[in-house]
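First to last, the sequence lines map onto chains A and B. For the first sequence, my numbering begins at 1 and goes up steadily by one. For the second sequence, my numbering begins at 1 and goes up steadily by one. Read through the structure below, which is laid out as structure tokens, and then see the notes.
Protein chains: 2
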Amino acid sequence: MPCSPADPPRPPTGLEIADWVRQRIRTGRFVPGQRLVEVDIIRQTGASRSKVREALKRLEGEGLVEIEEFRGASVRSSTLDEVRQIYRARMALEGMAMHDFTARADPAMIARLQDLQDQLDACVRDRAPDRFGRLNNEWHRLIVEGSGNQVIADHLQRLNVPIHRLLFESFYDDERLKTANADHRAMMALIVAGDAEGAERAMRRHIGDGFETLARIESEFYS
Amino acid sequence: MPCSPADPPRPPTGLEIADWVRQRIRTGRFVPGQRLVEVDIIRQTGASRSKVREALKRLEGEGLVEIEEFRGASVRSSTLDEVRQIYRARMALEGMAMHDFTARADPAMIARLQDLQDQLDACVRDRAPDRFGRLNNEWHRLIVEGSGNQVIADHLQRLNVPIHRLLFESFYDDERLKTANADHRAMMALIVAGDAEGAERAMRRHIGDGFETLARIESEFYS
DNA sequence: ATGGACGATATTGTCAACAATCTCGTCAGC
DNA sequence: GCTGACGAGATTGTTGACAATATCGTCCAT
Numbered sequence: 001m002p003c004s005p006a007d008p009p010r011p012p013t014g015l016e017i018a019d020w021v022r023q024r025i026r027t028g029r030f031v032p033g034q035r036l037v038e039v040d041i042i043r044q045t046g047a048s049r050s051k052v053r054e055a056l057k058r059l060e061g062e063g064l065v066e067i068e069e070f071r072g073a074s075v076r077s078s079t080l081d082e083v084r085q086i087y088r089a090r091m092a093l094e095g096m097a098m099h100d101f102t103a104r105a106d107p108a109m110i111a112r113l114q115d116l117q118d119q120l121d122a123c124v125r126d127r128a129p130d131r132f133g134r135l136n137n138e139w140h141r142l143i144v145e146g147s148g149n150q151v152i153a154d155h156l157q158r159l160n161v162p163i164h165r166l167l168f169e170s171f172y173d174d175e176r177l178k179t180a181n182a183d184h185r186a187m188m189a190l191i192v193a194g195d196a197e198g199a200e201r202a203m204r205r206h207i208g209d210g211f212e213t214l215a216r217i218e219s220e221f222y223s
Numbered sequence: 001m002p003c004s005p006a007d008p009p010r011p012p013t014g015l016e017i018a019d020w021v022r023q024r025i026r027t028g029r030f031v032p033g034q035r036l037v038e039v040d041i042i043r044q045t046g047a048s049r050s051k052v053r054e055a056l057k058r059l060e061g062e063g064l065v066e067i068e069e070f071r072g073a074s075v076r077s078s079t080l081d082e083v084r085q086i087y088r089a090r091m092a093l094e095g096m097a098m099h100d101f102t103a104r105a106d107p108a109m110i111a112r113l114q115d116l117q118d119q120l121d122a123c124v125r126d127r128a129p130d131r132f133g134r135l136n137n138e139w140h141r142l143i144v145e146g147s148g149n150q151v152i153a154d155h156l157q158r159l160n161v162p163i164h165r166l167l168f169e170s171f172y173d174d175e176r177l178k179t180a181n182a183d184h185r186a187m188m189a190l191i192v193a194g195d196a197e198g199a200e201r202a203m204r205r206h207i208g209d210g211f212e213t214l215a216r217i218e219s220e221f222y223s
């Protein structure tokens with residue numbers, strides 16, 4: 001079993017450290033307000049201090065982390081109003097992505113989307129909110145990637161990081177799960193019909209409804 | 001003349017260096033493809049090397065510069081297709097900002113907007129495309145700031161940096177100047193009438209037309 | 001017990017020296 | 001003249017030591 005000779009213990013790069021921290025923020029392993037002490041990250045990742053500092057600066061630029069002089073980095077927390085603003089931006093950008101996707105979609109992409117849709121239907125039948133959440137993210141990502149607009153894709157990816165957990169939360173409400181899936185099916189129909197404007201409107205409504213549900217569920221967590 | 005005792009030669013911070021470089025990229029003092037040599041920036045700004053490197057990394061995160069290992073930073077250049085994608089994102093976000101502005105606008109904001117509009121009219125009469133460009137930027141910024149959505153404002157600011165020069169270019173076409181100003185006046189009317197959806201559609205058309213004009217003018221500069 | 005001054009420790013910010021790599025001119029060989 | 005190897009200088013990447021500041025426990029006076 002010849003193991004490849006050129007990949008053993010390579011020290012992580014700044015980008016990798018940033019990914020590592022970002023991942024942990026997304027999944028809730030690092031919670032808002034938590035301090036990110038350089039030495040701890042060094043110990044856990046094996047990176048050098050420069051790389052860790054570089055990564056934290058990068059995450060500050062993304063708005064994920066707050067850095068105070070001589071007090072270091074901590075996970076930034078969002079207010080409910082900021083979440084609302086993020087959802088508003090998502091409505092705009094994902095709506096536009098849906099518009100362009102519909103105008104460009106070829107049969108192969110539509111087939112991939114249909115495949116995902118079938119799996120989502122199965123999740124609704126089986127009451128599998130967690131899996132539904134994952135596939136739902138895939139579904140949205142497919143639309144955005146298929147829109148042919150990498151700029152919008154990048155900005156959406158950044159917007160989604162701070163609300164990653166919330167993107168799963170609302171599907172534990174069975175009613176919301178069904179509504180969301182019905183939205184998806186309706187959008188599929190509009191895509192197939194080539195109705196770009198209709199699909200865009202539907203996407204915006206869909207995301208707007210998602211926030212309303214969320215606001216009801218989560219409002220207790222915010223001031 | 002007591003000069004304040006606590007502001008003498010303070011070394012620039014990383015953020016200030018980033019602003020300094022960003023400004024020079026925006027105004028075309030640094031052109032796409034140009035190498036940004038650390039020592040040169042140090043000499044011109046008086047910052048330490050750490051700060052300069054920090055600033056360049058930050059700008060890389062913003063997509064403004066490209067950093068290659070052991071080759072350093074250079075100003076990233078955009079293809080025409082990327083400019084198109086940026087304009088598409090602007091249509092989405094500024095459209096949404098216009099929607100929310102119209103729904104929220106109070107008399108004071110509308111008055112400030114009207115004031116700017118009067119000055120824009122004067123520029124059209126006087127054939128002052130340069131001043132028109134500056135005031136036009138102000139006009140758009142006022143809409144976005146007044147929308148009450150800082151997230152959208154931030155993302156738009158980032159989107160605008162690489163196309164800053166282009167935002168002035170098309171107004172040297174007298175026809176475009178008049179059309180754009182007519183768009184503005186029409187949007188003002190929709191805002192006053194409280195027609196948020198109409199204003200959003202108008203803004204999207206306005207930006208879309210801006211790109212079309214640009215694409216005609218500038219297409220020769222891109223492959 | 002309480003509040004405030006003090007100091008030890010922990011943590012972050014800065015800098016300069018050194019290492020790694022690239023760039024570009026030079027020159028030998030064909 | 002052309003090509004490719006070579007090497008000096010230029011530029012970037014990395015590390016470690018040191019400085020500046022914050023944190024938190026301790027002790028003393030009241």
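Ideal Cβ placement from N, Cα and C applies to all residues, glycine included. Treat the numbers as computed from the prediction; the structure is a model and nothing was measured.
Would residue i pass as an interface residue toward chain B - the criterion being a Cβ-Cβ separation below 7 Å?
i	result
Gly-224/A	For chain A, the structure presents residues 1 to 223; residue 224/A sits outside this window and is missing.
Gln-85/A	yes
His-140/A	no
Tyr-172/A	no
Gly-61/A	yes
Arg-10/A	no
Arg-58/A	yes
Ala-6/A	No answer about Ala-6/A holds up, because its pLDDT of 40 lies below 50 and its placement is not dependable.
I want to verify the contact list: residues of chain A whose CB lies under 9 Å from the CB of residue i, in sequence order.
i	result
Lys-51/B	Those do not exist, as Lys-51/B stays about 11 Å from chain A at its closest Cβ, beyond 9 Å.
Could you tell me how far apart the beta carbons of residue i and residue j are, in whole angstroms, since I believe they sit closer than 8 Å?
i	j	result
Ser-219/A	Leu-80/A	6 Å
Arg-90/B	Ile-217/B	About 18 Å separates the two Cβ atoms, so there is no contact after all.
Met-284/A	Ala-97/B	Not covered by the structure: residue 284/A. The range shown for chain A is 1 to 223.
Lys-57/B	Thr-13/B	No, Lys-57/B and Thr-13/B are not in contact; Cβ-Cβ is about 14 Å, not under 8 Å.
Gly-148/A	Asp-100/A	6 Å
Leu-59/A	Val-83/A	The Cβ separation is near 19 Å, so there is no contact.
Glu-38/A	Arg-24/A	Their Cβ separation, rounded to whole angstroms, is 15 Å, which puts Glu-38/A and Arg-24/A out of contact at 8 Å.
Step through the CB atoms of chain A and report whether any lies within less than 7 Å of the CB of residue i.
i	result
Ile-152/B	yes
Asn-160/B	no
Gly-146/B	no
Gly-28/B	no
Gly-33/B	no
Ala-18/B	no
Assign residue i to one of three DSSP states: helix, strand, or coil.
i	result
Ser-219/A	helix
Met-203/B	helix
Val-31/A	coil
Leu-64/A	coil
Gly-95/A	helix
Gly-148/A	coil
Pro-12/A	coil
Ala-73/A	strand
Can you name the residues of chain A whose CB is closer than 7 Å to the CB of residue i?
i	result
Gly-95/B	Ala-92
Going along chain B, which residues have a C-beta under 9 Å from residue i?
i	result
Ala-89/A	Ala-92, Leu-93, Met-96, Asn-149, Val-151, Ile-152 and His-155
Arg-24/A	Residues of chain B passing the Cβ test: none, with the nearest at roughly 19 Å.
For residue i, which residues in chain B fall below 7 Å Cβ to Cβ?
i	result
Glu-82/A	Val-151
Glu-54/A	Lys-57
For the region 193-208 of chain A, enumerate the residues whose C-beta is nearer than 7 Å to any C-beta of chain B, in chain order. Within the region 193-208 of chain A, no residue qualifies.
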